[in-house]
Amino acid sequence: MPSLDVAGEFETIERLLRPLAHPEWGRGLADDVAVLPSRPGYDLVLTKDVIVEGVHFLPDDPLETVAKKLLRVNLSDLAAKGSEPFGYLLACCWSDRCGWPEREAFAAGLAQDQALFGVFLMGGDTVRTPGPAVFSLTALGWVPAGEAVSRAGAQVGDLVFVTGTIGDGLLGLQAAQAKLKLDAERLARLIDHYRTPMPRLDFADVVRNLATAAADVSDGLAADLNHIAKASGVGIALNLSVLPLSAAAQAWFEDRVDPQAALEDLATGGDDYQIVFTAHPRHEETLRREAERRLLRLTRIAAVTAGEGVAVDYGGRRIELARRGWTHG
Numbered sequence: 001m002p003s004l005d006v007a008g009e010f011e012t013i014e015r016l017l018r019p020l021a022h023p024e025w026g027r028g029l030a031d032d033v034a035v036l037p038s039r040p041g042y043d044l045v046l047t048k049d050v051i052v053e054g055v056h057f058l059p060d061d062p063l064e065t066v067a068k069k070l071l072r073v074n075l076s077d078l079a080a081k082g083s084e085p086f087g088y089l090l091a092c093c094w095s096d097r098c099g100w101p102e103r104e105a106f107a108a109g110l111a112q113d114q115a116l117f118g119v120f121l122m123g124g125d126t127v128r129t130p131g132p133a134v135f136s137l138t139a140l141g142w143v144p145a146g147e148a149v150s151r152a153g154a155q156v157g158d159l160v161f162v163t164g165t166i167g168d169g170l171l172g173l174q175a176a177q178a179k180l181k182l183d184a185e186r187l188a189r190l191i192d193h194y195r196t197p198m199p200r201l202d203f204a205d206v207v208r209n210l211a212t213a214a215a216d217v218s219d220g221l222a223a224d225l226n227h228i229a230k231a232s233g234v235g236i237a238l239n240l241s242v243l244p245l246s247a248a249a250q251a252w253f254e255d256r257v258d259p260q261a262a263l264e265d266l267a268t269g270g271d272d273y274q275i276v277f278t279a280h281p282r283h284e285e286t287l288r289r290e291a292e293r294r295l296l297r298l299t300r301i302a303a304v305t306a307g308e309g310v311a312v313d314y315g316g317r318r319i320e321l322a323r324r325g326w327t328h329g
């Protein structure tokens with residue numbers, strides 16, 4: 001087993017990261033650059049996220065799942081733009097706890113997800129830090145020219161839909177911290193969602209073809225709806241009562257004393273990595289059919305209105321959320 005001395009960076013690249021690299025575009029990590037081919041008729045879409053130990057993942061989270069989450073949260077951004085991912089750039093700031101076995105686990109997680117999502121490592125950097133571990137990833141994807149979905153296209157009268165379920169990210173974090181009382185199977189499902197969320201790449205083409213605006217649900221449903229409302233210059237009326245919940249979240253919800261407060265928590269918790277998007281009402285039937293064909297849950301949760309910001313309704317009355325979601329300033 002290699003020692004982590006000054007040569008550790010090169011050993012890590014040679015033995016763990018080079019096998020993940022695209023042999024041509026990433027030059028096998030034998031150069032300081034990656035060289036990407038042009039693709040006539042397509043735009044290149046890029047997104048970047050940074051995750052910090054103790055902030056975005058727990059200190060005792062397995063490095064294999066940390067690597068997967070790092071890649072997947074970026075792929076989620078690409079999915080919301082209707083993009084097809086193909087590669088990524090990676091920066092690793094290894095903490096003192098990241099010995100060789102941990103680095104091997106990190107690389108193994110990336111290798112598994114590369115095979116699952118059809119992407120390759122293109123390049124990056126690796127260093128050591130005396131502080132907490134920090135990982136940064138830039139994902140790259142293709143989208144037909146001019147067709148990337150932005151946050152800014154929502155129109156008054158559009159309907160608002162969300163894929164999957166909301167709240168599992170928040171509850172998964174609580175489960176991983178042993179702060180949740182549910183049966184073992186439901187706890188395991190929530191922790192799995194928190195550690196390895198599934199980006200909705202299976203719905204990216206539908207979003208690209210039918211959505212007027214879209215975002216991935218990372219900061220919290222209410223916050224990400226507000227991003228769309230602000231970028232589009234519209235208002236959004238959110239019906240909190242129809243929030244789609246998983247079986248685990250439903251079991252948790254039914255045990256709450258204050259159902260409104262519980263739904264507010266789920267709508268602002270973040271880390272769900274679903275796609276929330278707006279679309280013209282005439283597309284609702286097609287959207288539902290496409291979701292059903294993919295065995296994907298799709299819920300109409302809101303409508304686009306004149307005005308600004310997100311107005312939240314619960315039980316037929318307007319409410320104010322105590323907070324909107326996560327910020328990372």
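FYI, in this note's numbering the residues of the sequence shown are 1 to 329. Where is the CB? At the ideal position from N, CA and C, for every residue including glycine.
Three-way DSSP call (helix, strand, coil) for residue i in this model
{"i": "Arg300", "result": "strand"}
{"i": "Leu16", "result": "helix"}
{"i": "Thr196", "result": "coil"}
{"i": "Glu102", "result": "helix"}
{"i": "Gly172", "result": "helix"}
{"i": "Ile236", "result": "strand"}
{"i": "Asp216", "result": "strand"}
{"i": "Leu263", "result": "helix"}
{"i": "Leu190", "result": "helix"}
{"i": "Glu147", "result": "coil"}
{"i": "Leu110", "result": "helix"}
{"i": "Glu53", "result": "strand"}
{"i": "Asp158", "result": "coil"}
{"i": "Leu75", "result": "helix"}
{"i": "Thr65", "result": "helix"}
{"i": "Glu11", "result": "helix"}
{"i": "Asp183", "result": "coil"}
{"i": "Ala306", "result": "coil"}
Environment of residue i [buried if 16+ CB atoms lie within 10 Å]
{"i": "Thr327", "result": "Here the model assigns Thr327 a pLDDT of 48, short of 50, so the residue's position is not dependable, and the following value carries that caveat. Exposed, because fewer than 16 other Cβ atoms sit within 10 Å of the Cβ of Thr327."}
{"i": "Ser76", "result": "buried"}
{"i": "Ala359", "result": "The requested residue 359 does not occur in the structure, where the chain is confined to residues 1 to 329."}
{"i": "Asp5", "result": "Note that Asp5 scores a pLDDT of 46, beneath 50, so its modelled location is shaky and nothing firm can be said."}
{"i": "Lys68", "result": "buried"}
{"i": "Gly87", "result": "buried"}
{"i": "Pro197", "result": "buried"}
{"i": "Arg256", "result": "exposed"}
{"i": "Glu320", "result": "exposed"}
{"i": "Ser38", "result": "exposed"}
{"i": "Arg195", "result": "buried"}
{"i": "Gly172", "result": "buried"}
{"i": "Gly41", "result": "exposed"}
{"i": "Ala291", "result": "buried"}
Counterpart residues of residue i in DSSP-defined beta bridges
{"i": "Trp332", "result": "The chain is shown from 1 up to 329; residue 332 falls before or after that span and cannot be answered."}
{"i": "Thr165", "result": "Looking at the DSSP assignment, Thr165 forms no beta bridge with any residue, so it has no partner."}
{"i": "Asp202", "result": "Paired residues: none, contrary to the question."}
{"i": "Tyr314", "result": "Arg317"}
{"i": "Arg293", "result": "None; Arg293 has no bridge partner."}
{"i": "Phe120", "result": "Gly87"}
{"i": "Val134", "result": "Val52 and Cys93"}
{"i": "Phe277", "result": "Phe161 and Ala214"}
{"i": "Asp125", "result": "Ala91"}
Supposed close pair residue i, residue j - CB separation, criterion 8 Å
{"i": "Ala152", "j": "Ile275", "result": "Actually they are not in contact, since the Cβ atoms of Ala152 and Ile275 sit about 16 Å apart, beyond 8 Å."}
{"i": "Leu245", "j": "Phe253", "result": "6 Å"}
{"i": "Ala213", "j": "Val162", "result": "About 13 Å; that fails the 8 Å criterion."}
{"i": "Leu330", "j": "Arg103", "result": "Coverage of the chain is limited to positions 1 through 329, which leaves residue 330 absent and any answer about it impossible."}
Answer yes if the segment 131-151 comes into contact with the segment 74-92, meaning at least three C-beta pairs across the two stretches below 8 Å, and no otherwise. Touching, per the Cβ criterion.
Does the segment 155-165 come close enough to the segment 116-136 to have 3 or more Cβ pairs within less than 8 Å? No: fewer than three Cβ pairs fall under 8 Å.
Is the segment 101-118 close to the segment 35-53, with three or more CB pairs under 8 Å? Too few Cβ pairs lie closer than 8 Å, so no.
Is the segment 291-303 in contact with the segment 200-213, if contact means three or more CB pairs nearer than 8 Å? Because the criterion of three Cβ pairs below 8 Å is met, the segment 291-303 and the segment 200-213 touch.
Would you call the segment 258-270 and the segment 211-225 in contact, with 3 or more CB pairs under 8 Å? These segments touch.
Inter-stretch contact at 8 Å, needing at least 3 Cβ pairs: the segment 309-320 / the segment 281-290: Judged by Cβ distances under 8 Å, the segment 309-320 makes no contact with the segment 281-290, as fewer than three pairs qualify.
Any contact of the segment 231-239 with the segment 178-189, i.e. 3+ C-beta pairs under 8 Å? No, the segment 231-239 is not in contact with the segment 178-189.
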